[in-house]
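Position in the sequence shown (from 1) plus 13 gives the number in the working numbering.
Ideal placement from N, C-alpha and C gives every residue a C-beta, glycine not left out.
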Amino acid sequence: MAAIVLFAGGWLNMRGELGMTWTAFVVYIGFYWRVLEPAKAIAASYASIQKGLVSGNRIFAILDVQNEIKDPENPVILEEFKESIRFEDVSFAYEEEPVLKNIDFTVPKGKMVAIVGPSGAGKSTIADLIPRFWDPTSGSILLDGVDIKKYSLRSLRSQMGIVTQEAVLLNDTVFNNIKFGMEDATREQVIAAAKIANADEFISQMEQGYDTNIGDRGSKLSGGQRQRIAIARAVLKNPPIMILDEATSALDTESERLVQDALTKLMTNRTSIVIAHRLSTIQFADEIIVIQEGKIVERGNHKQLLEKGGLYSHLCSLQTVS
Ligand SMILES: Nc1ncnc2c1ncn2[C@@H]1O[C@H](COP(=O)(O)OP(=O)(O)OP(=O)(O)O)[C@@H](O)[C@H]1O
Ligand SMILES: [Mg+2]
């Protein structure tokens, strides 16, 4: 631009048509040159302000979303889990389509209830209702006879440890990932938890042991290792109620055995709700509930269900469990 102006102006000036002295012309060009850059910067900054405004709007839209799950007005503090967890005629829909229909079951304290069924049947949804990640559309969930909506969320959730299908791991060290949410846990306690979860061995073999960073969502670990870190986290929390949503990902026999073993240790002397894909996990459950398309289609223990010859025994025969 400057070259064009200089050239055109020079040419006009030479023909005497501009009516400027050469000095005035040079000063004019200098002036133009100095104004051009800031003017461009102003235009550019306007564009970034617009970009910022749009992004800001999106962020505030997310921040403004109300959390639908709230503490009640006068929350009851759940001090200690004493008797049972009960689902009473619970139905649930994420959107229009009902996902759970009239679910009824009881988990007495100290017992293990297993939930099995085909993929998409609604098993993980049942598990999500207990810590109140969602509230039932109708029916209620009672803990020690009191609707869980009456408890303070914090005290309710402090009673449960949850190992989900996809372990939620952070881009941090192994140590911090196990310690997550338990601020005053010591290093010894973390290592003890990892040992119970059969994770200590592979952690010790990593370059910086417990201080190794595991990458985004634990991407530097294998599926079985991620699961065992999640189990160690639950062990450290040591809650009375365990909710376990077994990962669907296939593990090799050796890591499956290690994970299995870790889970067995985790569940002893605890009230547990286990969603199992590998049916060998739950043969010893006190009650097995078979879910299909959001409904309970069978219930009983392993032996009873096998004798019945329904969906459960069919699933078992696919996995050759006897
Ligand atoms: N956040 C969600 N929003 C809408 N629909 C959902 C949501 N999560 C799950 N669903 C639907 O609810 C149904 C039950 O899902 P759920 O995750 O409970 O199945 P599942 O029994 O745990 O299956 P899997 O064995 O594969 O883990 C599915 O049809 C699924 O598409
Ligand atoms: Mg699931």
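Quick check on residue i: buried or exposed, where buried means 16 or more other Cβ atoms within 10 Å of its Cβ?
i      : result
Val287 : buried
Ser58  : exposed
Arg241 : buried
Pro149 : buried
Gly32  : exposed
Thr266 : exposed
Ile116 : buried
Thr36  : exposed
Ala207 : buried
Would you say residue i and residue j are within 7 Å of each other, going by their C-beta atoms?
i      : j      : result
Gly152 : Glu101 : yes
Lys250 : Gly174 : yes
Gly236 : Leu182 : no
Glu259 : His290 : yes
Val120 : Val126 : yes
Phe94  : Gln172 : yes
Val310 : Val129 : no
Ser293 : Met255 : no
Asp299 : Lys124 : yes
Ile209 : Val187 : no
Leu279 : Asn211 : no
Trp46  : Ala15  : yes
Val203 : Lys192 : yes
Ile301 : Leu318 : yes
Phe38  : Asn26  : yes
In whole angstroms, what is the alpha-carbon distance linking residue i and residue j?
i      : j      : result
Met239 : Leu328 : For clarity, residue 239 is Arg in the given sequence; the question names Met instead. Arg239 and Leu328: Cα-Cα distance of roughly 27 Å.
Gly222 : Lys64  : 44 Å
Thr34  : Val18  : 16 Å
Lys114 : Ile154 : 14 Å
Asp4   : Val89  : Residue coverage of the chain in this structure runs from 14 to 335, which leaves residue 4 outside it and unanswerable.
Arg312 : Ser137 : 18 Å
Asp229 : Ala180 : 12 Å
Ile98  : Pro253 : 12 Å
Asn314 : Tyr325 : 10 Å
Glu109 : Gly307 : 14 Å
Measure how close the beta-carbons of residue i and residue j come, nearest whole angstrom, since I'm counting them as under 8 Å.
i      : j      : result
Asn184 : Asn226 : 7 Å
Leu156 : Leu91  : 7 Å
Gly158 : Glu201 : Incorrect: roughly 39 Å between the Cβ atoms, too far for contact.
Okay, do the region 244 to 262 and the region 275 to 282 touch, 3+ Cβ pairs below 8 Å being the bar? A contact exists between the region 244 to 262 and the region 275 to 282.
Taking 8 Å as the cut-off, does the region 115 to 133 touch the region 62 to 72 (at least 3 CB pairs, one atom from each stretch)? When C-beta atoms of the region 62 to 72 are compared with those of the region 115 to 133, fewer than three pairs fall below 8 Å, so the two segments do not count as touching.
Would the region 98 to 114 count as touching the region 139 to 149 if we require 3 or more Cβ pairs under 8 Å? Between the region 98 to 114 and the region 139 to 149 there are three or more C-beta pairs closer than 8 Å, enough to call the two in contact.
If you pair each beta-carbon of the region 161 to 170 with each one of the region 76 to 87, do three or more pairs fall below 8 Å? At 8 Å Cβ cutoff, the stretches touch.
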